[in-house]
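A.B. asks: Mapped onto mature numbering (1 follows the signal peptide of the UniProt record, and there is no 0), the consecutive letters of the sequence shown carry residue numbers -29 to -1, 1 to 92.
Here a beta-carbon is modelled for each residue, glycine too, at the ideal position from N, C-alpha and C.
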Amino acid sequence: MTTATRFSFLGLIVLVAIVSVMLPRSVDAAISCTQVFTALSPCLGYLTSGGNCPQACCNGVGNLNTAAKSTLDRQVVCGCLKRASSQVNGAGISRAADIPNQCKLHLPYKISPDTDCASIK
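See below:
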């Protein structure tokens, strides 16, 4: 290997090392939208027809809230809820937003199609 080739190769290695340190780490959320939708399936009747929020719905929301330990988890759950709430009519959106009150739960965001999930910490 010539000196110029060695320096080029060394430069490439240094560049790769710098770029790999600067790139954000790929982190997978521990929760998927499938899990979110499964946990919240007991809420569907309440969202579409009203009435009393079933305890199974409250349990599902509470379990999701507990399982969402990291910022990424909370943002993923929020995004799933946001997508789902965009498919519900006006009354259903109001009911979805009221689930934490009905269940006496504190969520770090509002269940709404307008929620900025990226701002959740």
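(1) Quick one: Cα of R54 to Cα of C29, how far?
(2) Who are the near neighbours of V(-3) in its chain, counting only those whose CB is closer than 7 Å to its CB and skipping five residues on each side?
(3) How about L76 and V47: do their beta carbons lie closer than 8 Å?
(4) Quick one: what does DSSP say M(-8) is sitting in, helix, strand or coil?
(5) CB A68 to CB I82, shorter than 8 Å?
(6) Assuming K53 is part of the alpha helix (DSSP H), what are its boundary residues?
(7) Output needed for R45: all residues of its chain with C-beta closer than 7 Å, excluding positions within five of it in sequence on either side, in chain order.
C.D. replies: Taking the structure as given:
(1) 19 Å
(2) Low confidence applies here, because V(-3) scores a pLDDT of 49, under 50, leaving its location unreliable; read the following figure in that light. Within the same chain, V(-3) has close Cβ partners L43.
(3) no
(4) No answer about M(-8) holds up, because its pLDDT of 36 lies below 50 and its placement is not dependable.
(5) yes
(6) 42 to 56
(7) Excluding residues within five positions, the ones whose Cβ falls inside 7 Å are A39, P79, I91.
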